[in-house]
Amino acid sequence: MLAYLLALAKRSWRLFVTVTKVMLPVMVIVKIADVFGLVELAGRLIAPAMALLHLPPEAGIIWATTLLTGIYGGIATLSSLPSPPDMSIAQVSALCAMMLFAHSIPVEQAIVRRAGAGFGITAALRIGTAIFYGALVSWACHLTGALSEPLSFDWLRGSEVIAADAGSPFIGWIQATAFSLGLTLCIIFALVVALDLLERLGIIRRFTRLMTPVLRVSGLNADVAPVTTVGVLLGLTYGGALIIEEAEKQNFPARTRFLALSWLSLSHSLIEDTLLLLALGADIWIVLVGRVVLTLIIVATLARLTNRGGWRTVPAGI
Numbered sequence: 000m001l002a003y004l005l006a007l008a009k010r011s012w013r014l015f016v017t018v019t020k021v022m023l024p025v026m027v028i029v030k031i032a033d034v035f036g037l038v039e040l041a042g043r044l045i046a047p048a049m050a051l052l053h054l055p056p057e058a059g060i061i062w063a064t065t066l067l068t069g070i071y072g073g074i075a076t077l078s079s080l081p082s083p084p085d086m087s088i089a090q091v092s093a094l095c096a097m098m099l100f101a102h103s104i105p106v107e108q109a110i111v112r113r114a115g116a117g118f119g120i121t122a123a124l125r126i127g128t129a130i131f132y133g134a135l136v137s138w139a140c141h142l143t144g145a146l147s148e149p150l151s152f153d154w155l156r157g158s159e160v161i162a163a164d165a166g167s168p169f170i171g172w173i174q175a176t177a178f179s180l181g182l183t184l185c186i187i188f189a190l191v192v193a194l195d196l197l198e199r200l201g202i203i204r205r206f207t208r209l210m211t212p213v214l215r216v217s218g219l220n221a222d223v224a225p226v227t228t229v230g231v232l233l234g235l236t237y238g239g240a241l242i243i244e245e246a247e248k249q250n251f252p253a254r255t256r257f258l259a260l261s262w263l264s265l266s267h268s269l270i271e272d273t274l275l276l277l278a279l280g281a282d283i284w285i286v287l288v289g290r291v292v293l294t295l296i297i298v299a300t301l302a303r304l305t306n307r308g309g310w311r312t313v314p315a316g317i
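Shown next, in the form of structure tokens:
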């Protein structure tokens, strides 16, 4: 048992080091930007666009960082903002769904391009879907009063455990940053343990069998459905690598690769990323069920459109 826990701890630490290389620079940049008033300026500039989505300006800053750096970068921004945003569960769920649909665009869409689908078209698909779904969720909940309970992010920043008077704002920021990184390590360890248990209990295999028919219903070729399912569960990087490998072996048509990579672009790492944002307070029906259903509808629509259009090639450079 001890050896098992040590192995999980070592794996968690390696992941934490990788994540810290993303989070810490973002935290430092946000702090510097705050000192020079750039965070407040960015908030004012982005406020009108966020208002259209019924989200606070801070949500735009968080999502913009997520687009460039990834989900952990977005969380780092959330924990580093001068004051935590006032958001309801509905708004947090909408923002988290946007983060899940569209994050780490420069890196992940480069992988998609290498696998055989256009960078621009898949990136636009992710960003457009994120904006549409975020607005739909936020406004629908606002008009119906659903999930209107407020959420506090003080726990993420360590406001309850760090003394208000730390000697100087800079010392206080160091304490808050250390607390956020330590909390991230704990979350990563919990995720690693949960994923290992899900694998050992066979739940991931069952989920894979459950997802395969869903992927086929969306119009995916039966040959590419299994490797796409792996990416859907574990991540676009791994799934994209598998598609690259399988495409070379089986010579998948461009349309098949485009549909599989479109699905992966919109919905991947359903377990790990979803659990991470559920920890922030997002609603599972919005960030998991709704996300998968919308992805199914979009990919099925693309399958019909590309079939009618007789696509034989999908430009990888667009």
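For what it's worth, numbering that gives the first Met the number 0 labels the leading residue of the sequence shown as 0, then goes sequentially. Ideal Cβ positions, reconstructed from N, Cα and C, are used throughout, including at glycine.
- Going by DSSP, residue 222 is part of no alpha helix (DSSP H) at all; its letter is neither H nor E.
- Spanning the alpha carbons of residue 49 and residue 296 requires a straight line of approximately 26 Å.
- Membership of residue 58 in the alpha helix (DSSP H) is indicated by the continuous run 56-68.
- In this structure, the straight-line span from the alpha carbon of residue 152 to that of residue 91 is close to 10 Å.
- With a contact defined as Cβ atoms closer than 8 Å, residue 14 and residue 187 qualify at about 5 Å.
- Residue 281 and residue 95 do touch by the CB rule: their CB atoms are close to 4 Å apart, below 8 Å.
- Taking a C-beta distance under 7 Å as the contact criterion, residue 93 and residue 147 do not qualify as a contact pair.
- For residue 286, no alpha helix (DSSP H) encloses it, and the DSSP letter there is neither H nor E.
- A residue is called buried once 16 or more other Cβ atoms fall within 10 Å of its Cβ, and residue 55 is buried on that count.
- Bridge pairing for residue 150: 86 [DSSP].
- Straight through space, the alpha carbons of residue 190 and residue 5 are spaced by roughly 15 Å.
- The count of Cβ pairs closer than 8 Å, one atom from the region 243-256 and one from the region 264-274, stays below three, leaving the stretches out of contact.
- When DSSP states are grouped into helix, strand and coil, residue 129 belongs to the helix group.
- By the Cβ-count criterion, residue 255 is buried, with 16 or more other Cβ atoms from all chains shown falling within 10 Å of its own Cβ.
- CA-to-CA, the gap between residue 9 and residue 99 works out to about 27 Å.
- Taking 7 Å as the cut-off, the beta carbon of residue 192 is found no closer than this to the beta carbon of residue 1.
- Setting aside the 5 residues that flank it on each side, residue 219 is surrounded in the same chain by 227, 255, 258, 259, 262, 298, 302, each with a C-beta closer than 8 Å to its C-beta; the list follows chain order.
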